[in-house]
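Read the structure below first, then the notes.
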Amino acid sequence: MSRRWIQNPNRCADEYLDGIEDFIEFAHRHNPGATKICCPCMRCNNTLWETIENVGFHLVRNGMIETYSIWNLHGEQLDHVSSSNATRMDNVEPIVDYNDQVIDIIQDAFPFASTNINYEREDDVPAPIDSAEFEQYEKLLKNVNQELYPGCESFSVLTAIVELMHGKIKYRMSNIVAITFWEFSRECF
Ligand SMILES: [Zn+2]
Numbered sequence: 424m425s426r427r428w429i430q431n432p433n434r435c436a437d438e439y440l441d442g443i444e445d446f447i448e449f450a451h452r453h454n455p456g457a458t459k460i461c462c463p464c465m466r467c468n469n470t471l472w473e474t475i476e477n478v479g480f481h482l483v484r485n486g487m488i489e490t491y492s493i494w495n496l497h498g499e500q501l502d503h504v505s506s507s508n509a510t511r512m513d514n515v516e517p518i519v520d521y522n523d524q525v526i527d528i529i530q531d532a533f534p535f536a537s538t539n540i541n542y543e544r545e546d547d548v549p550a551p552i553d554s555a556e557f558e559q560y561e562k563l564l565k566n567v568n569q570e571l572y573p574g575c576e577s578f579s580v581l582t583a584i585v586e587l588m589h590g591k592i593k594y595r596m597s598n599i600v601a602i603t604f605w606e607f608s609r610e611c612f
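Residues are numbered in our numbering as their position in the sequence shown, beginning at 1, plus a constant of 423.
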């Protein structure tokens, strides 16, 4: 399969999603038993390690490094080399914190949020913040902090929505199928 998809700027395009599927399948095949692999998304830049499932999530969200067309860090051309040289990590407990991932996305969308939180120097002059934008930010933050149901530690309301949207894109569910499924789930809870 051609890997031109890596340069496709439309990360919802069929070609791009098929490409990610192809990469994930490749990573599974060449890193059997690995719980984490290095992530070739544009943020992790093949320097951070993630579960294979999370790597798929990152590739949809951030895009793959555009020049990474030979997957040498994921086993390509290493078929005949001892597995000890392959890029893999075994016996590492996967740490998937969906809330952290969603907070990252929110901070990307609202740069003032991370600026104010991280840099509170006295000589900082904060840029004026649009009140409607701030309201939207507060609403999202409230949802990210609200547990999906009482006692749920894995998902907040917002991370659950993001995961559902991710599943919808990944499995190319039509809107009607997704809405039917979500409404059924809502009835169940
Ligand atoms: Zn990544």
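Here a beta-carbon is modelled for each residue, glycine too, at the ideal position from N, C-alpha and C.
Less than 9 angstroms separates the beta-carbon of Cys464 from that of Arg484. Three or more pairs of CB atoms, one per stretch, sit closer than 8 angstroms, so the region 467-480 contacts the region 444-451. For the set Pro455, Lys459, Glu489 and Thr470, the Cα lying nearest the Cα of Tyr439 is the one of Glu489. Across the set His497, Arg426 and Ile429, the C-alpha of His497 shows the shortest separation from the C-alpha of Pro455. Chain order is used for the residues whose beta-carbon lies nearer than 7 angstroms to a heavy atom of ligand 1, namely Cys462, Cys464, Arg466, Cys467, Leu471, Glu473, Val478, His481 and Asn485. Within the region 440-483, the complete beta strand (DSSP E) segments at least 3 residues long are 459-461 and 472-474, listed from N- to C-terminus.
Using a 10 angstroms sphere on the CB of Phe480, the tally of other CB atoms reaches 16 or more, which defines it as buried. Proximity to Gln430 across Asn598, Lys459, Tyr491 and Asn468 peaks at Tyr491, based on C-alpha coordinates. In summary, Phe557 is exposed, with fewer than 16 beta-carbon neighbours lying within 10 Å of its beta-carbon over all protein chains present. DSSP places Phe607 inside the alpha helix (DSSP H), whose first and last residues are Asn598 to Cys611. Where Ala555 is concerned, the enclosing alpha helix (DSSP H) starts and stops at Ser554 to Asn568. Separation of the CB atoms of Leu587 and Phe578 is rounded to 10 angstroms, and the pair is thereby denied contact status at 8 angstroms.
Exposure of Gly574 is indicated by the presence of fewer than 16 other C-beta atoms within 10 angstroms of its C-beta. The residue from Ala457, Gln500 and Glu444 with its alpha-carbon nearest to that of Met487 is Glu444. In terms of Cα proximity to Arg466, the closest of Leu581, Leu482, Asn495 and Lys565 is Leu482. Beta-bridge partners of Met487 (DSSP): Cys464.
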